[in-house]
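*Asks:* If you use this note's numbering, the sequence shown corresponds to residues 9 to 371, in order.
Note that CB positions come from ideal geometry on N, CA and C, so glycine has one too.
Fair warning: this is a prediction, and the values are worked out from it, not measured in the lab.
Supplied in structure tokens, the structure appears directly below.
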Amino acid sequence: MSAPRPIATSLASTPCAIAPSTPTGGRRVSSGLQRAACAGLLGLAGLLASCGEGSNPVHPMDDVLRLNHLQCEGTHNSYHVQPTEVTAPDWSYTMAPLAEQLDTQGVRKLEIDVHWDAATASFNVYHLPRFDAVSTCATFVDCLTNVRGWSRRHPGHHPIFIQIEPKTLPAMGTPERLSAMDALDAEILSVFDPEEVILPDEVQGARATLDEAVTEDGWPTLGQTRGRILFFFNCSREDCVLYANEGTGLDGRVIFADSEEGDPWSAVRIQNTPNAEARAAVEAGYLVRTFADGIASLLADGSNDLDAALASGAHMISTDVPAPRDDMAYFVEMPGGTPSRCNPVTAPVGCTSLDIEDPARLR
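Encoded structure:
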């Protein structure tokens, strides 16, 4: 991976957050010229910023540190409320409301399971029908509105990552799934302004593929992405390929999709186990999400993978226990984090957790 080139400007102040284009024949099409123009605007903005005097970025290293230089805490099934009758140990946890997780528990990665409701043409949020169906936010729009409110009150936060797991898409036919995927993109942009979302087209820029962009040029800087949201899919292989314009890339899309080696849209990797494969993906330049634990194992014998997850360099470490519980001593927080920390694998020398996010600079 070549050395990243700092860009001394904030993307939030440029028009380069490209809105999705109009669907054509079940696929979204985005012009490569649009991406090239975006890259040119970024370069011009960076040049103008470097010519100015007395610039004072929100955080001192915002033009040096990149999106993949951080490591943050995330939650698994972030909306989850323990059912009254627990029929499976895996359901034995209740999460705080999303804004509270962001505000008091140091969480910067959320996971939301969505179920397509054909009757309302919208997405509901819960784990499983009937048996585990209670949520702190009933609809996808409700959940996103909760996050948006916190984000806008704290514009100095480093990017918030939101993992989306579609639960009902596999049972639908291809045209219906494509329609639901388009609706999911639309629901995100009904809550967030396009410039508040880190879009695949923006990261790809003038490169031929997203994979090439992140492995050769690197991710955007924290200065370009601070106060914004990045969405990614935990989808089946079939659904990821379908969402990625039938495997050609994420042109015009809103969400980064889970990927495998060789995928042109490869940028985010979901590695449930913090192993050598996860570490290799981190070193290659991809964003990686892994697990630190599972509540069933914690309740059974206390076993967890937290140390391995931290050492792997995975950027997002998901847990069922983001805050202390009465029935165990274990819970997750980033060592030395404020609340997140410099990535132990990718961050440059001189990085401190306050450079990633400083509580004094959130507003």
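1. As an exercise, report each continuous alpha helix (DSSP H) stretch of at least 4 residues that is fully enclosed by the stretch 237-263, in chain order.
2. Measure the CB-CB distance between R116 and C151 and report whether it falls below 7 Å.
3. Between which two residues does the beta strand (DSSP E) harbouring Q90 extend?
4. Figure out for me which residue from A127, V122, T128, M342 has the closest Cα to the Cα of S143.
5. Can you give the Cα-Cα distance for T83 and D219, rounded to whole angstroms?
6. Excluding the 5 residues preceding and the 5 following T32 in the sequence, name in chain order all residues of the same chain whose CB lies nearer than 6 Å to its CB.
7. For the alpha helix (DSSP H) containing G1, list its first residue and its last residue.
8. Let's test the definition: count the other Cβ atoms within 10 Å of the Cβ of R74 and tell me whether it reaches 16, buried, or not, exposed.
9. Over the uninterrupted alpha helix (DSSP H) stretch that includes N382, give me the two end residues.
10. Below 8 Å on the Cβ atoms is my contact criterion, and I expect C69 with S86 to pass it. Report the Cβ-Cβ distance as a whole number of Å.
11. By Cβ distance, which residues of its chain are closer than 6 Å to V290, with the 5 residues on each side in sequence left out?
12. Between D266 and F299, is the Cβ-Cβ spacing less than 7 Å?
13. Just to confirm my understanding: we take F274, look at its own chain, exclude 5 residues before and 5 after, and list those with CB closer than 6 Å. What are they?
14. What span of residues does the beta strand (DSSP E) with E81 cover, start to end?
15. So, under 8 Å CB-CB, P343 and L362 are touching, yes? Tell me the CB distance rounded to an integer number of Å.
16. Return the residue from the list H77, R277, H162 that minimises the CA-CA distance to D366.
17. Shortest alpha-carbon distance to E93 belongs to which of D140, Q113, G114?
18. Taking the C-alpha atoms as reference points, what is the distance between L50 and T229?
19. Between which two residues does the beta strand (DSSP E) harbouring Q171 extend?
20. Can you tell me whether M324 is buried or exposed? The criterion is at least 16 other CB atoms within 10 Å of its CB, across all chains shown.
21. Of the residues Q109, A292, Y251, N312, which one's Cα is nearest the Cα of N280?
22. Q212 to E224, Cα distance in whole Å?
23. Please specify which runs of the alpha helix (DSSP H), each continuous and at least 4 residues long, are wholly inside the stretch 295-321, giving them in chain order.
24. On the DSSP letters alone, give me the boundaries of the beta strand (DSSP E) that I325 sits inside.
25. From the DSSP output, in three-state form, read off M189 for me.
26. If contacts are defined as beta-carbon pairs under 8 Å, then E204 and I237 qualify, I think. What distance do you get, rounded to the angstrom?
27. Taking all protein chains shown into account, decide if A11 is buried (16 or more other Cβ within 10 angstroms of its Cβ) or exposed.
28. Can you grab the Cα-Cα spacing for the pair P97 / P91, in whole Å?
29. In terms of residue numbering, what span does the beta strand (DSSP E) encompassing E119 cover?
30. Just mark E254 as buried or exposed, buried being the case when its beta carbon has 16 or more other beta carbons within 10 Å.
31. Just to check, is the beta-carbon of P91 closer than 6 Å to a non-hydrogen atom of the ligand SAM?
32. Rank S187, L78, I196, R277 by C-alpha distance to the C-alpha of T147 and give the top, closest one.
33. In chain order, what residues of the same chain have a beta carbon less than 7 Å from the beta carbon of Y338, not counting five sequence neighbours either side?
34. Which same chain residues, not among the five before or five after R160, have their C-beta less than 6 Å away from its C-beta?
35. Measure the CB-CB distance between G231 and D71 and report whether it falls below 7 Å.
36. I need the DSSP call for L75, collapsed to helix, strand or coil.
*Replies:* Here's the rundown:
1. Counting whole runs of 4 or more residues, the stretch 237-263 contains the alpha helix (DSSP H) stretches 245-251.
2. Along the sequence shown, one-based indexing puts residue 116 at 108. Along the sequence shown, one-based indexing puts residue 151 at 143. No, the pair does not count as a contact, with Cβ atoms beyond the cut-off.
3. Here residue 90 is taken as the residue at index 82 of the sequence shown, counted from 1. Looking at the DSSP string, Q90 is not in any beta strand (DSSP E), and its letter there is neither H nor E.
4. Here residue 143 refers to the residue found at position 135 of the sequence shown. Answer by Cα proximity: V122.
5. Walking along the sequence shown from the start, residue 83 turns up at place 75. Walking along the sequence shown from the start, residue 219 turns up at place 211. Distance between the alpha carbons of T83 and D219 is about 26 Å.
6. Numbered from its first residue, the sequence shown carries residue 32 at position 24. Note that T32 scores a pLDDT of 34, beneath 50, so its modelled location is shaky and nothing firm can be said.
7. In the structure as shown, the chain begins at 9 and stops at 371. Residue 1 is therefore absent and cannot be evaluated.
8. For the purposes of this step, residue 74 is identified with residue 66 of the sequence shown, where counting begins at 1. Result: buried.
9. Residue coverage of the chain in this structure runs from 9 to 371, which leaves residue 382 outside it and unanswerable.
10. Mapped onto the sequence shown, residue 69 falls at position 61. Mapped onto the sequence shown, residue 86 falls at position 78. First, the amino acid is wrong: residue 69 is Met here, not Cys. Not quite, the Cβ-Cβ distance comes to about 29 Å (not below 8 Å), so this is no contact.
11. Counted from its first residue, the sequence shown places residue 290 at position 282. Result list for V290: V296, G321, V353, in chain order.
12. Counting from 1 along the sequence shown, the entry for residue 266 is found at position 258. Counting from 1 along the sequence shown, the entry for residue 299 is found at position 291. Going by C-beta atoms, D266 is not nearer than 7 Å to F299.
13. To locate residue 274, count along the sequence shown from 1; it is residue 266. With the sequence shown as reference, residue 274 is identified as Ser, and Phe is not the correct amino acid for it. Short of 6 Å from the beta carbon of S274, and not among the five residues preceding or following it, lie these beta carbons of its own chain, in chain order: D219, S267.
14. Your numbering for residue 81 matches position 73 in the sequence shown. 78-83 is the span of the beta strand (DSSP E), which, as asked, contains E81.
15. As a working mapping, residue 343 is identified with position 335 in the sequence shown. As a working mapping, residue 362 is identified with position 354 in the sequence shown. Not confirmed; about 14 Å, so no contact.
16. Taking the first residue of the sequence shown as 1, we reach residue 366 at position 358. It is H162.
17. Against the sequence shown, residue 93 aligns to sequence position 85. Closest option to E93, Cα to Cα, is D140.
18. For the purposes of this step, residue 50 is taken as the residue at position 42 of the sequence shown. For the purposes of this step, residue 229 is taken as the residue at position 221 of the sequence shown. With a pLDDT of 41 at L50, under the threshold of 50, the modelled position of that residue is not reliable, and no figure is offered here.
19. For the purposes of this step, residue 171 is identified with residue 163 of the sequence shown, where counting begins at 1. Element bounds for Q171: 168-174.
20. On the sequence shown, residue 324 is found 316 positions in, with the first residue counted as 1. Around the beta carbon of M324, a 10 Å sphere encloses 16 or more other beta carbons of the protein chains shown; the residue is thus reported as buried.
21. As a position in the sequence shown, residue 280 is number 272, starting the count at 1. Closest option to N280, Cα to Cα, is N312.
22. Here the question's residue 212 lines up with position 204 in the sequence shown. Here the question's residue 224 lines up with position 216 in the sequence shown. Cα to Cα, the separation comes out at about 11 Å.
23. 303-309, 314-320
24. As a first step, residue 325 must be located in the sequence shown, where it is residue number 317. Unbroken beta strand (DSSP E) run through I325: 324-327.
25. In the sequence shown, the residue the question calls residue 189 occupies position 181. Three-state result, M189: helix.
26. As a working note, residue 204 is residue 196 in the sequence shown. As a working note, residue 237 is residue 229 in the sequence shown. The pair is a contact, with the Cβ atoms about 6 Å apart (cut-off 8 Å).
27. Locating residue 11 in the sequence shown gives position 3, where the first residue counts as 1. Its pLDDT being 38, under 50, A11 is placed unreliably in this model, and the value from its coordinates should be taken loosely. Within 10 angstroms of the beta-carbon of A11 lie fewer than 16 other beta-carbons, which makes it exposed.
28. Within the sequence shown, the letter at position 89 stands for residue 97. Within the sequence shown, the letter at position 83 stands for residue 91. Roughly 11 Å separates the two Cα atoms.
29. Position 111 of the sequence shown, counted from the start, is the residue given in the question as residue 119. Looking at the DSSP string, the run of the beta strand (DSSP E) that includes E119 is 115-125.
30. Start at 1 with the first residue of the sequence shown, and residue 254 comes out as number 246. So E254 counts as exposed.
31. The ligand SAM is not part of this structure, which contains no ligands at all.
32. Translated into the one-based positions of the sequence shown, residue 147 becomes position 139. It is I196 whose Cα lies nearest to the Cα of T147.
33. Numbered from its first residue, the sequence shown carries residue 338 at position 330. Closer than 7 Å at Cβ, skipping near neighbours: L306, G310, N312, V329.
34. Taking the sequence shown and counting its residues from 1, the one referred to as residue 160 is at position 152. The answer is none, since no qualifying residue turns up.
35. Here residue 231 is taken as the residue at index 223 of the sequence shown, counted from 1. Here residue 71 is taken as the residue at index 63 of the sequence shown, counted from 1. Going by C-beta atoms, G231 is nearer than 7 Å to D71.
36. Residue mapping note: residue 75 aligns to position 67 of the sequence shown, counting from 1. Judged by DSSP in its simplified three-state form, L75 adopts helix.
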